[in-house]
Structure formats: structure tokens, C-alpha cells
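Engineer: Going line by line, the protein sequences match chains H and Y. Residue 3 is where the first sequence starts when you use the working numbering, and the numbers rise one by one after that. Residue 3 is where the second sequence starts when you use the working numbering, and the numbers rise one by one after that. Below you'll find the structure I mean.
Number of protein chains: 2
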Amino acid sequence: MFSISYLGNVMYKIGQLAKLEAISVEALRFYDQQGVLSPGHRAENGYRLYSEEDRKTLKFIQSAKNLGFTLAEIHELLDIKVDSRSHTCEEVKTIAEHKLQDIQERIRQLQRFETTLKKVVKTCCGGPESAEHCSILEAIEERVA
Amino acid sequence: MFSISYLGNVMYKIGQLAKLEAISVEALRFYDQQGVLSPGHRAENGYRLYSEEDRKTLKFIQSAKNLGFTLAEIHELLDIKVDSRSHTCEEVKTIAEHKLQDIQERIRQLQRFETTLKKVVKTCCGGPESAEHCSILEAIEERVA
DNA sequence: CTTGACCCTATATCTAACTATAGGGTTTAT
DNA sequence: ATAAACCCTATAGTTAGATATAGGGTCAAG
């Protein structure tokens with residue numbers, strides 16, 4: 003297998019980058035289409051050619067996904083990143099704080115579910131008897147939440 | 003406005019039930035289509051007629067949704083409920099326990115996001131200075147998660 | 001007797017982040 | 001030279017739980 007180079011820089015074909023960064027080829031094409039990761043160049047045959055810089059951007063995307071950011075939010079972050087001189091720390095921090103609040107709200111909602119579910123599970127015998135008087139079903143009927 | 007009755011029992015038209023239980027008419031039709039809440043009868047003109055029992059089932063559905071159950075899971079619970087003699091407490095408890103584990107796993111994932119996001123937010127000055135050396139962007143680049 | 005409120009079905013649209021498929025060109029290995 | 005492996009575009013499908021829309025029937029009031 004040959005390595006591809008453009009203007010003296012190593013370039014990756016889509017399948018190569020996909021393998022390196024443990025992502026599907028389809029997902030990479032999807033990122034291109036969504037504008038979060040468009041390869042800097044195309045070969046003459048139309049193949050996408052990703053640079054080392056593109057690979058770093060992909061790592062950024064994957065890392066941001068690990069923080070719970072959506073692709074739309076990652077798009078925003080990347081827009082700031084590529085022209086960071088025109089943007090401020092405040093903007094970035096605001097985005098991150100909103101995300102944090104969003105996540106915390108989702109945690110609270112899930113914890114409400116958890117609290118009630120735990121209560122309800124505890125009251126149930128869980129035995130082989132008929133569910134006719136099952137305390138879980140009864141609790142739900144009585145609008146437990 | 004007249005109240006509708008069938009075999010001596012009060013029945014609700016879809017819009018009436020929707021108003022009483024604070025749900026949209028479309029959602030009720032969707033529940034019917036999904037088989038979680040099919041009105042016991044249809045009027046001669048094709049109108050859905052919901053009984054008091056159907057209304058209780060709707061309350062059950064809404065309550066179960068407040069515990070985080072999906073419609074598919076609620077379908078399962080209702081299947082057990084309508085023929086509770088053929089089912090056991092154990093079955094019901096198992097469903098609830100699985101749901102609890104599911105919710106707890108989702109909480110853990112969100113908490114991982116939260117922990118890292120908090121760290122990252124704290125390191126950022128959030129000031130009006132350019133984002134060129136923004137510690138949040140740098141942290142994401144360095145695969146913070 | 002017609003207007004507005006209500007009901008019906010069937011189909012499309014929404015969000016998010018892909019995955020899959022169809023149909024076709026390119027490259028690499030044998 | 002040909003078959004496998006790889007690339008392309010464009011479009012459709014997936015999940016969940018609805019919401020929206022088109023086109024049409026029903027019903028009660030004035």
C-alpha cells in the first residue's frame with residue numbers, strides 16, 4: 003500500500019482515515035456532507051483526500067462528542083476554532099456552560115425517574131405469584147410520579 | 003354539549019378525552035395506531051369512543067411515561083396488566099429492574115460528560131480575549147475525555 | 001342551510017446521527 | 001486481464017414519539 007501525498011504532505015483516503023480513527027467510511031462522508039469535516043482536497047478521480055490537519059479535526063470532533071456535544075454544537079466550536087482570533091474565550095465558555103446545564107437538566111430528569119423506580123421496585127415481592135395485585139402495577143395506576 | 007353513552011356507560015370522544023388528560027388528539031390517535039390505547043368502541047360514524055376504563059389506561063400510560071418507560075415497554079406492562087392472572091410479579095419486577103438499570107447507565111454516561119465539562123469550563127477564563135489560546139478548545143484537542 | 005367545530009384516514013415531516021442500498025467508476029493484486 | 005477491494009453520488013431507511021398536513025365526512029348552532 004502506497005501512501006498518498008499532496009504538496010509534499012501525507013494524505014489519507016477515506017478508508018485509511020476511517021481505519022486509523024475507528025470510524026465508519028459512511029460517517030466520514032456524512033461529516034463531509036454536514037460540513038463538520040470536509041477534506042481539504044479531492045484527488046483527480048474524485049476521491050476525498052484528508053490531510054494531517056483534517057485528521058486532527060476529526061480527533062477534535064470525536065473528543066467533543068465524548069463531552070456530549072452534538073454535531074451542530076461541534077460545528078459551532080469548529081467555526082470558532084478555525085478563526086479563533088475573531089472570537090473570544092467568553093463565547094466558547096458560554097457554549098460549554100450551556101452544554102453543562104443541558105446535561106445537568108437531563109441528569110435531574112433521569113434521577114427523578116430513578117428515585118421513583120427504585121421506590122416502586124422495592125415494594126414489589128418479585129415472586130412467582132400472579133401479578134393481579136402487583137404493587138408496581140398498582141403504584142403506576144395510582145399515578146406514582 | 004351532550005355526554006355520550008354506550009350500554010349505559012359514559013364515553014368520551016377523542017377531543018374530550020384529550021382535554022381531560024392534557025394530551026393532544028394526534029397523540030391519542032398515535033397511541034391507538036401503536037396499540038397501546040385502542041378505544042373499546044367506535045360510534046356508527048367511525049368516531050373513537052373511549053370508556054372510563056380507557057381513561058384509566060391512559061392515566062397508566064402517562065404515569066409510566068413519568069417513570070421513563072418507552073411506549074414499547076408500556077405496551078408490555080399493559081399486556082401483563084390486562085391478563086394479570088397469567089403473569090407474575092417477577093415478570094413485572096424484572097421489567098422495572100431492567101428499566102432502572104437502563105436509566106442508571108444513562109445517568110452514569112451523562113455524569114461522565116458532566117465531570118469532564120465542569121473541569122474544562124473551570125479552566126477557562128471566559129474573558130473577552132481572543133479564543134486563540136482558549137483552554138477549552140485546547141482541552142478538547144488534547145482528547146480530554 | 002351553511003359555517004365552524006369536530007372527527008376520520010393516510011401520508012409526510014421532525015430530530016440526531018448515522019447506516020444501508022443502488023448503481024456505477026477506480027485501483028490494486030494476482 | 002480480471003476480480004477484489006475501494007471509491008463516488010444520491011437516495012432511503014433507522015429510532016422514538018409524536019406533530020403536521022391533505023382531503024374529506026359529521027354535527028350542532030344560528
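The C-beta atom is built at its ideal place from N, Cα and C for all residues, glycine as well. Keep in mind that this is a model prediction, so the values were computed, not measured.
For T125(Y) and K95(H), I'd like the C-alpha separation in whole angstroms.
Structural biologist: Distance between the alpha carbons of T125(Y) and K95(H) is about 10 Å.
Engineer: Going along the chain, which residues of the segment 97-128 of chain Y sit with their C-beta nearer than 9 Å to a C-beta in chain H?
Structural biologist: Those residues of the segment 97-128 of chain Y that come within reach of chain H (Cβ to Cβ, closer than 9 Å) are I97, A98, E99, K101, L102, I105, Q106, R108, I109, Q111, L112, Q113, R114, F115, E116, T118, L119, K120, V122, V123, C126, C127 and G128.
Engineer: Assuming I138(H) contacts A98(Y) (C-beta within less than 8 Å), just tell me the rounded distance between them.
Structural biologist: 5 Å
Engineer: Within a Cβ cutoff of 6 Å, which residues of the same chain sit near F115(H), ignoring the five residues on either side of it in sequence?
Structural biologist: Once the five neighbours on either side are set aside, F115(H) has no close Cβ partner at all.
Engineer: Assuming contact is defined by CB atoms lying nearer than 9 Å, are C91(Y) and A133(H) in contact in what I supplied?
Structural biologist: yes
Engineer: Kindly confirm or deny that the segment 5-18 of chain H and the segment 44-52 of chain H touch, where touching means at least three C-beta pairs closer than 8 Å.
Structural biologist: yes
Engineer: Check whether the Cβ of K15(Y) lies closer than 9 Å to any Cβ atom in chain H.
Structural biologist: no
Engineer: Which stretch, first to last residue, makes up the alpha helix (DSSP H) that contains I63(H)?
Structural biologist: E54 to K67
Engineer: Using the Cα positions of L30(Y) and I16(Y), report the straight-line distance between them to the nearest angstrom.
Structural biologist: Here the C-alpha atom of L30(Y) lies approximately 7 Å from the C-alpha atom of I16(Y).
Engineer: Helix, strand or coil for S5(H), going by three-state DSSP, please let me know.
Structural biologist: coil
Engineer: With which residues is T90(H) paired in a DSSP beta bridge?
Structural biologist: S132(Y)
Engineer: Does any residue of chain Y have a CB that is nearer than 9 Å to the CB of R57(H)?
Structural biologist: no
Engineer: On the three-state DSSP scale, how would you describe R108(Y)?
Structural biologist: Of the three classes helix, strand and coil, the one that applies to R108(Y) here is helix, per DSSP.
Engineer: With 16 other CB atoms within 10 Å as the buried threshold, where does A74(H) fall?
Structural biologist: It is exposed - the Cβ of A74(H) has fewer than 16 other Cβ atoms within 10 Å.
Engineer: Helix or strand or just coil, what does DSSP make of V38(H)?
Structural biologist: In this structure, V38(H) counts as coil in the three-state DSSP scheme.
Engineer: Since I138(Y) meets chain H, which of its residues come closer than 9 Å, beta carbon to beta carbon?
Structural biologist: Within 9 Å Cβ-Cβ: L79, C91, V94, K95, I97 and A98.
Engineer: Check whether the segment 77-86 of chain Y and the segment 103-115 of chain H are in contact - that is, three or more C-beta pairs closer than 8 Å.
Structural biologist: no
Engineer: Which word fits P41(Y), buried or exposed, when buried means at least 16 other C-beta atoms lie within 10 angstroms of its C-beta?
Structural biologist: Buried, since its Cβ has 16 or more Cβ neighbours within 10 Å.
Engineer: Based on Cα-Cα distance, which residue from Q36(Y), G10(Y) and A66(Y) lies nearest to V122(H)?
Structural biologist: A66(Y)
Engineer: I need the DSSP call for R114(Y), collapsed to helix, strand or coil.
Structural biologist: Helix, per DSSP.
Engineer: Residues of chain H with CB under 8 Å from E134(Y), in chain order?
Structural biologist: S86 and R87
Engineer: Alpha carbon to alpha carbon, how far is H100(H) from N68(H)?
Structural biologist: 16 Å
Engineer: Just curious, the alpha helix (DSSP H) that G17(H) is in, first and last residue?
Structural biologist: I16 to L22
Engineer: Would you call A141(Y) buried or exposed, if buried means 16 or more other Cβ atoms sit within 10 Å of its Cβ?
Structural biologist: With at least 16 other beta carbons inside 10 angstroms of its own, A141(Y) counts as buried.
Engineer: Among the candidates Y14(Y), D56(Y) and P130(Y), whose CA atom is the shortest distance from the CA of H89(H)?
Structural biologist: P130(Y)
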